[in-house]
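Counting along the sequence shown from 1, when you hit position 130 you're at 125 in our numbering, and nothing is skipped either side.
Cβ coordinates follow ideal geometry from the N, Cα and C atoms, glycine included.
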Amino acid sequence: MSQMQIWETYRSLTRDSSVKKRGIRNGTVNRVLEYAKPLKKDILLLIAIVVIDAFLVVAQPLLFKRIIDDGITAGNKNIVITTAIYVGVLAILSAGLSIIGRLYSSRIGEGLILTLRTQVFNHVQAQPIAFFTRTQTGSLISRVNGDVIGAQQAFTSTLSGIISNGISLIIVLSTMIILSWQITLTSLILLPVFLIPAKWMGKRVQSLSREQMTLNAEMSQTMTERFNVSGALLVKLFGDPILEGSSFSKKASRVKDIGVRIAMTNMVFFVALTTVATIATAIVYGFGGSLVISGDLTLGTLLALTALLARLYGPLTSLSNVRVDIMTALVSFERVFEVLDLQPLVKDSSSPQKFVEGPLDIEFKNVSFYYPSRADVGLESLELASDGKLENDTKNTVLNHISFKVSSGTMLALVGPSGSGKTTISQLIARLYDPTEGQVLVGNSDIKNVLRTDIKNNIGVVTQDSHLFHDTIENNLLYAKKGASEEEIWSALSSAQIADFVKSLPDKLDTIVGDRGYRLSGGEKQRIAIARVFLKQPRIVILDEATAHLDNENEAAVQVALATVLQGRTSVVIAHRLSTIINAEQIAVIKEGKLIAIGNHNELLKTNEVYSDLYNQQFVS
Ligand SMILES: Nc1ncnc2c1ncn2[C@@H]1O[C@H](COP(=O)(O)OP(=O)(O)O)[C@@H](O)[C@H]1O
Ligand SMILES: [Mg+2]
-4 MSQMQIWETY
6 RSLTRDSSVK
16 KRGIRNGTVN
26 RVLEYAKPLK
36 KDILLLIAIV
46 VIDAFLVVAQ
56 PLLFKRIIDD
66 GITAGNKNIV
76 ITTAIYVGVL
86 AILSAGLSII
96 GRLYSSRIGE
106 GLILTLRTQV
116 FNHVQAQPIA
126 FFTRTQTGSL
136 ISRVNGDVIG
146 AQQAFTSTLS
156 GIISNGISLI
166 IVLSTMIILS
176 WQITLTSLIL
186 LPVFLIPAKW
196 MGKRVQSLSR
206 EQMTLNAEMS
216 QTMTERFNVS
226 GALLVKLFGD
236 PILEGSSFSK
246 KASRVKDIGV
256 RIAMTNMVFF
266 VALTTVATIA
276 TAIVYGFGGS
286 LVISGDLTLG
296 TLLALTALLA
306 RLYGPLTSLS
316 NVRVDIMTAL
326 VSFERVFEVL
336 DLQPLVKDSS
346 SPQKFVEGPL
356 DIEFKNVSFY
366 YPSRADVGLE
376 SLELASDGKL
386 ENDTKNTVLN
396 HISFKVSSGT
406 MLALVGPSGS
416 GKTTISQLIA
426 RLYDPTEGQV
436 LVGNSDIKNV
446 LRTDIKNNIG
456 VVTQDSHLFH
466 DTIENNLLYA
476 KKGASEEEIW
486 SALSSAQIAD
496 FVKSLPDKLD
506 TIVGDRGYRL
516 SGGEKQRIAI
526 ARVFLKQPRI
536 VILDEATAHL
546 DNENEAAVQV
556 ALATVLQGRT
566 SVVIAHRLST
576 IINAEQIAVI
586 KEGKLIAIGN
596 HNELLKTNEV
606 YSDLYNQQFV
616 S
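Below, the structure is given as structure tokens:
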């Protein structure tokens, strides 16, 4: 057997055979075929190449038989030379075909990856925020990358593997039987001797590799947690480096042990395969050699048979595992389809309305809300924590029958203890979630009936920790308004009180900021975020504790910027300091998800205990 065939057999036998027990949903096969349809031409060509190649594989031993029997033994130089030339030409042909075959199989595979990957990306992008708060980024990315590639590999290697092995097997076996059925039978005797231990070892490698993968994942998780800035800081301040080191080395030494065992099992597997194949050849030579001496077989036939034998075991063993191969392919596809079938919780209406012109008001009509449960959001498999367990899933009512109205151009301030539901209210206005009960109206339209892009374009949000992409300041701003002019950008920056700072940077607008970029202070970051809102010119502004993380000096600058952004706009403001909201037209006091009072500062101070308590706490301290 050739190295490549052994390798293929190895790959096939070490696949996770538990997939056989898994049921495949109805329609999966048809759906996979749908993806194959646009690639039909390439696939047919690949099949044609594989078939021709299989014939060439048999042709070579037969030509050798001719050289020996009709050429050398018969003393015919002519035949020897012409047949030798044929062999050479065939070799070149076969090489060319393999290269073209690879071209087509990779084109099919990569084409499939492209389609699946872009589909998954776009679909995940369309998911509501609830999906992202629940899923683990790691498993999500592995779904977009790993499973898509798994599906592709399974598709191309299984497809070409099954076809080429099936065809070679038929051609090789029938040629051998025609040449000598006795020798063919003899050579097959060893097959079970070879298959049974091979399968057993395949299973063993499989479970060892699984363990190895888990351990490697644990090891890299330890490293990603410890070697990022916040993790490293935690270790420096609280951790015990000796303990950390010994726990890491324990994991690493288990990885080592398994590595050695896998290497040994692999070696035994390869050596056993090659040895069995060699013994089979020896048997054929022994038995066939006697037949040649007794004149029942020609020498050329014997040589052709041994050459064919080498091409028999590979396809046979690979095909013995064909069910696992096909199931593995289908399971990868199914995992990708699972993501593609997720129904987003927040969807655009099929008959969307447009917002009215002019300033927009906001109204909550009897709104109740709880955060969607795991089952509502979708994929359990993407939510698994690192220990493989799911967190508890309870449905707590977060908002309880809330109604209020914010007239256009006025400010509503939300106050209340931490965890009372203020942020949740602001998220419902931006339609990050839909209320469980009741309606959120903006400009008199239920926002469920307004296109999400329309909502996004009309609402500007600044939160505690504004996120900037790892990109230039300019691109971070353009994210809010594509195609904004340089003049608009500078005007937004100066309204946000940050223009002078940006001018002072060596690269100005081209300064890279974000996770790995220039480290902006909290206040600078907030003002860039506010500039982003200015650029968008939304009709509604939501501020959620936008100055909470800032020191006094920074806060003063941000306050000026915020006052400007609020001018003339309808706004909902959650502030950690009551001093900022005293001028709001309305103040809503939220406690445990309920609206317990609404009014202006003076009214509430007199009539509402929760509010007066909050007020006193903030100013006494
Ligand atoms: N993504 C979420 N999933 C489940 N529960 C959440 C989520 N976000 C917030 N909560 C819960 O909802 C309640 C209200 O939270 P929040 O609106 O953030 O309060 P506030 O902004 O007033 O501090 C809290 O009990 C909080 O634990
Ligand atoms: Mg909050």
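By the C-beta criterion, the region 156 to 166 is judged to be in contact with the region 36 to 49, since at least 3 inter-stretch pairs fall below 8 Å. For T392, the distance from the CB to the nearest heavy atom of ligand 1 is not below 7 Å. In terms of Cα proximity to G518, the closest of D546, N595, R112 and I507 is D546. Under a 10 Å Cβ-count criterion, I172 is classified as exposed, with fewer than 16 other Cβ atoms of the shown protein chains found around its own Cβ. Pairing I523 with L463 gives a Cβ-Cβ distance under 8 Å.
Ligand 2 approaches D539 closely enough that one of its heavy atoms is under 7 Å from the residue's Cβ. T418 sits in a helix when the DSSP states are folded into three classes.
Among the bridge pairs identified by DSSP, M406 is matched with S566. Membership of E213 in any beta strand (DSSP E) is not indicated; the residue belongs instead to the alpha helix (DSSP H) covering W176 to R221. Following the DSSP letters along the chain, one finds H396 inside the beta strand (DSSP E) bounded by residues T392 to V401. A straight line joining the alpha-carbon of N211 with that of Y308 spans about 35 Å. In this chain, the alpha helix (DSSP H) harbouring D320 covers V317 to L335. Under the DSSP assignment, I124 falls outside any beta strand (DSSP E), being part of the alpha helix (DSSP H) whose first and last residues are I124 to R129.
Shortest gap from the CB of K417 to any heavy atom of ligand 2: under 7 Å. According to DSSP, G455 shares a beta bridge with V536. I357 is bridged by DSSP to V401 and V437. Contact annotation: V250 and E239 have beta-carbon atoms that are not nearer than 8 Å.
Taking a contact as a CB-CB distance under 8 Å, the pair V445 and F350 counts as one, their CB atoms being some 6 Å apart. Counting every other CB atom within 10 Å of its CB across the protein chains shown gives V200 a total of 16 or more, marking it as buried.
Around the C-beta of P33, fewer than 16 other C-beta atoms lie within 10 Å, and the residue is accordingly described as exposed. The Cβ atoms of T565 and T405 lie closer than 8 Å to each other. In this structure, the C-beta of T128 approaches ligand 1 to less than 7 Å from one of its heavy atoms. Annotated three-state conformation of L590 is strand, per DSSP. Secondary structure note for V52: its alpha helix (DSSP H) is the uninterrupted segment K35 to R61. With contacts defined by Cβ atoms closer than 8 Å, I577 and G594 do not form a contacting pair. A residue is called buried when at least 16 other Cβ atoms come within 10 angstroms of its Cβ; A86 does not meet this threshold and is exposed.
Look at S363: its beta carbon is at least 7 Å from all of the heavy atoms in ligand 1. Straight across, the Cα-Cα distance linking I424 with S313 is about 58 Å. Judged by the Cβ position, G411 qualifies as a neighbour of ligand 1 at the 7 Å threshold, a heavy atom of the ligand being closer than this. Under the DSSP assignment, A69 falls outside any alpha helix (DSSP H); it carries neither an H nor an E label. In the three-state DSSP reduction, T542 falls in the coil class, being neither helix nor strand. Put simply, the backbone Cα of L473 is about 10 Å away from that of E483. For T23, the enclosing alpha helix (DSSP H) begins and ends at T23 to A31. Taking C-beta separations shorter than 6 Å and ignoring five residues to either side along the sequence, the partners of P339 in its chain run A121, Q122 and P123, following chain order.
Here I76 carries a helix assignment [DSSP, helix/strand/coil]. Beta-bridge annotation (DSSP): E432 is paired with S363.
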